[in-house]
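Numbering (our numbering), first residue to last: 949 to 1106. For each residue, glycine too, the CB sits at the ideal point set by N, CA and C. Computed from a predicted model, the values in this text were never measured in an experiment. Read the structure below first, then the notes.
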Amino acid sequence: MIEHADTVLKQINHGVYVIGVGTGERQNAFTAAWVMQVSFNPLLLAISINPAHYSYQLLQDSGVCTVNVLGRDQFALAEHFGRSAKDKMAGFQWRQAETGAPILSESLAYFDCRVSHYADAGDHKIAVCEVLTAATLNPGRPLLYSQTGDMDGSSKLY
Ligand SMILES: Cc1cc2nc3c(=O)[nH]c(=O)nc-3n(C[C@H](O)[C@H](O)[C@H](O)COP(=O)(O)O)c2cc1C
């Protein structure tokens, strides 16, 4: 047993991202912290996603996503996209990436990705994604997962 698992696991550093999934009429966006670069060549990012999420269906169907980096002052955005809701994307400015996935205009940077393959990881799936393009959009320092406290409700999950 791991005592205070939620606290000790927050010592592993992560950023906080809005993952834009899908294309056209079938798009959504959700907050994720479990994202990392896993290869230089090809340039690959791994995103750990709970297969129960609505966004997972859209990711599987479209095979594309964007990873949008949140800044220190974008705590409220992390909270907003960290909940399931209808029309979650409304009221924000989006642009379309080359793949057709949505880019969150106010994020610090984005990565436009195509899913290469999935791997099983306990109660999550790892989407290994090839980065097609990436760019910095706005200045700022990235938000850290440890700064979000128990926003994701993970303290109850260990
Ligand atoms: C700070 C934070 C980090 C999160 N990290 C992840 C993550 O890495 N992977 C994941 O599948 N869900 C993560 N979540 C949970 C999803 O954002 C949340 O379940 C969301 O409602 C899923 O969106 P959907 O139901 O619209 O698909 C995180 C939530 C928060 C607030």
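When secondary structure is reduced to three states using DSSP, residue 1057 falls in the strand class. In terms of CA proximity to residue 1005, 977 leads the group 987, 1026, 977, 989.
In this chain, residue 1033 is not harboured by any alpha helix (DSSP H), its DSSP state being neither H nor E. Within its own chain, the residues whose Cβ lies closer than 8 Å to the Cβ of residue 1061, once the five positions on either side in sequence are excluded, are 993, 1012, 1013, 1014, 1015, 1047, 1049, 1077, 1078, 1079, 1080, listed in chain order.
Counting C-beta pairs with one atom in each stretch, the stretch 1085-1098 and the stretch 1069-1076 have fewer than three that are closer than 8 Å, which means they do not touch. Pairing residue 1055 with residue 952, the inter-Cα distance amounts to about 32 Å. Assignment of residue 1041 by DSSP, reduced to helix, strand and coil, places it in the coil class. For residue 964, there is no enclosing beta strand (DSSP E), as DSSP gives it neither H nor E. DSSP places residue 988 outside both helix and strand once states are collapsed to three, so it counts as coil. Just measuring C-alpha positions, the residue of 1066, 1019, 1028, 1082 sitting nearest residue 1045 is 1082. In the structure shown, the three-state DSSP call for residue 1022 is coil.
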